[in-house]
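One structure is given below, encoded as structure tokens.
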Amino acid sequence: MSVVSVEDVSKTFGAGHTAVTAVDPVSLSVDAGDIVLVMGPSGSGKTTLLSMIGTLMSPTTGRILISGQDTSTLEPAQLSRLRLREFGFVFQTFNLLSALTAEENVMMPLLTARVPRKEARAKARTSLEQLQLGHRLRNLPRDLSGGENNASPSRRPEKSTNSPSS
Ligand SMILES: Nc1ncnc2c1ncn2[C@@H]1O[C@H](COP(=O)(O)OP(=O)(O)O)[C@@H](O)[C@H]1O
Ligand SMILES: [Mg+2]
Numbered sequence: 046m047s048v049v050s051v052e053d054v055s056k057t058f059g060a061g062h063t064a065v066t067a068v069d070p071v072s073l074s075v076d077a078g079d080i081v082l083v084m085g086p087s088g089s090g091k092t093t094l095l096s097m098i099g100t101l102m103s104p105t106t107g108r109i110l111i112s113g114q115d116t117s118t119l120e121p122a123q124l125s126r127l128r129l130r131e132f133g134f135v136f137q138t139f140n141l142l143s144a145l146t147a148e149e150n151v152m153m154p155l156l157t158a159r160v161p162r163k164e165a166r167a168k169a170r171t172s173l174e175q176l177q178l179g180h181r182l183r184n185l186p187r188d189l190s191g192g193e194n195n196a197s198p199s200r201r202p203e204k205s206t207n208s209p210s211s
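Residue numbers for the sequence shown follow the working numbering, so the first one is 46 and each next one is one higher.
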């Protein structure tokens with residue numbers, strides 16, 4: 046079974062003469078272990094497509110299945126759980142919480158997933174140390190460089206904390 050199955054998905058923003066079709070109908074599937082690149086010029090719909098696959102936005106037409114489950118049938122709370130457990134996002138902008146340190150930012154999704162605080166802290170430290178950010182645990186995002194900030198969210202999903210190559 047495909048991990049991701051995109052079936053005739055399209056996205057149109059707005060309506061009437063101001064409507065913008067960001068994604069024309071597209072189908073694709075991704076199996077476990079696949080590495081897929083989505084390439085195209087600026088404005089061609091890459092972010093919109095990835096936002097729909099990541100269940101942050103719903104398609105105008107078509108449907109998206111994650112591990113065989115039709116995401117259109119899920120309630121918002123179920124979608125939140127799916128994103129928390131199944132997805133790792135590296136956003137174009139860092140989306141770090143500015144009042145929290147690097148360590149706390151990495152801990153946050155683990156705490157949301159009910160990992161005990163002590164364990165979450167240990168995992169966050171290990172992950173940041175793997176990225177040579179062990180000396181930046183207590184820094185706020187504004188004190189970190191662009192590259193350092195980018196590393197923090199990439200460490201956020203629980204699954205990736207044990208695998209430096211992910
Ligand atoms: N929320 C939105 N409302 C209206 N138009 C949007 C919105 N988001 C994206 N678009 C438009 O959809 C098209 C695709 O955008 P996007 O997916 O961001 O492209 P890419 O990531 O490939 O640069 C663009 O024309 C963009 O202006
Ligand atoms: Mg984009």
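A virtual CB, placed ideally from N, CA and C, is assigned to each residue, including glycine.
None of these values were measured; they are calculated from a predicted model.
Proximity below 8 Å, CB of residue 107 to CB of residue 53: Along the sequence shown, read from residue 1 onward, the residue named residue 107 stands at position 62. Along the sequence shown, read from residue 1 onward, the residue named residue 53 stands at position 8. The answer is yes: Cβ separation under 8 Å.
Segment contact, 8 Å Cβ cut-off, at least three pairs: the stretch 172-191 with the stretch 140-147: At 8 Å Cβ cutoff, the stretches touch.
Pick from 167, 49, 190 that is closest to residue 78, judged by C-alpha positions: As a first step, residue 78 must be located in the sequence shown, where it is residue number 33. Of the candidates 167, 49, 190, the one whose C-alpha sits nearest the C-alpha of residue 78 is 49.
8 Å CB neighbourhood of residue 195 in its chain, flanking five on each side removed: Looking up residue 195 in the sequence shown gives position 150. Only 135, 139 meet the Cβ criterion.
N-terminal and C-terminal residue of the beta strand (DSSP E) that residue 181 is part of: Position 136 of the sequence shown, counting from 1, holds the residue named residue 181. From DSSP, residue 181 is part of no beta strand (DSSP E); its letter is neither H nor E.
Any non-hydrogen atom of ligand 1 closer than 7 Å to residue 65 Cβ: Working through the sequence shown from its first residue, we reach residue 65 at position 20. Yes, the Cβ of residue 65 comes within 7 Å of a heavy atom of ligand 1.
Contact test: residue 1 Cβ vs ligand 2 heavy atom, cutoff 7 Å: No answer is possible for residue 1: it lies beyond the span of the chain, which begins at 46 and ends at 211.
Whole-angstrom C-beta distance between residue 165 and residue 156, which should lie under 8 Å: By 1-based counting over the sequence shown, the position of residue 156 is 111. By 1-based counting over the sequence shown, the position of residue 165 is 120. About 5 Å; that satisfies the 8 Å criterion.
Residues near residue 193 by beta carbon distance below 7 Å, same chain, minus five either side: Within the sequence shown, residue 193 is the residue found at index 148, counting from 1. Once the five neighbours on either side are set aside, the close Cβ partners of residue 193 are 178, 181.
Limits of the alpha helix (DSSP H) - the one that residue 147 falls within: Within the sequence shown, the letter at position 102 stands for residue 147. That run of the alpha helix (DSSP H) goes 147-157.
Rounded straight-line distance, which links the Cα of residue 104 to that of residue 89: In the sequence shown, residue 89 corresponds to position 44, counting from 1. In the sequence shown, residue 104 corresponds to position 59, counting from 1. A direct Cα-Cα distance of roughly 16 Å separates residue 89 from residue 104.
Assigned exposure category for residue 83 - 16 Cβ within 10 Å defines buried: Translated into positions along the sequence shown, residue 83 becomes position 38. The residue in question, residue 83, is exposed, as its Cβ has fewer than 16 Cβ neighbours within 10 Å.
Contact belief for residue 158 with residue 127 at Cβ below 8 Å, rounded distance in angstroms: Locating residue 158 in the sequence shown gives position 113, where the first residue counts as 1. Locating residue 127 in the sequence shown gives position 82, where the first residue counts as 1. Not really, about 12 Å apart at Cβ, beyond 8 Å.
Counted within 10 angstroms of its Cβ, other Cβ atoms place residue 111 as buried (16 or more) or exposed: Your numbering for residue 111 matches position 66 in the sequence shown. By the 10 Å Cβ count, residue 111 comes out buried.
Pair within 8 Å by beta-carbon distance, residue 94 and residue 68: In the sequence shown, the residue the question calls residue 94 occupies position 49. In the sequence shown, the residue the question calls residue 68 occupies position 23. Against a cut-off of 8 Å, the Cβ pair of residue 68 and residue 94 comes out as a contact.
Near ligand 2: residue 137 beta-carbon under 7 Å from a heavy atom: In the sequence shown, residue 137 corresponds to position 92, counting from 1. In this structure, ligand 2 has a non-hydrogen atom nearer than 7 Å to the beta-carbon of residue 137.
Cross-strand partners of residue 56 (DSSP beta bridge): Position 11 of the sequence shown, counted from the start, is the residue given in the question as residue 56. Paired residues: 68.
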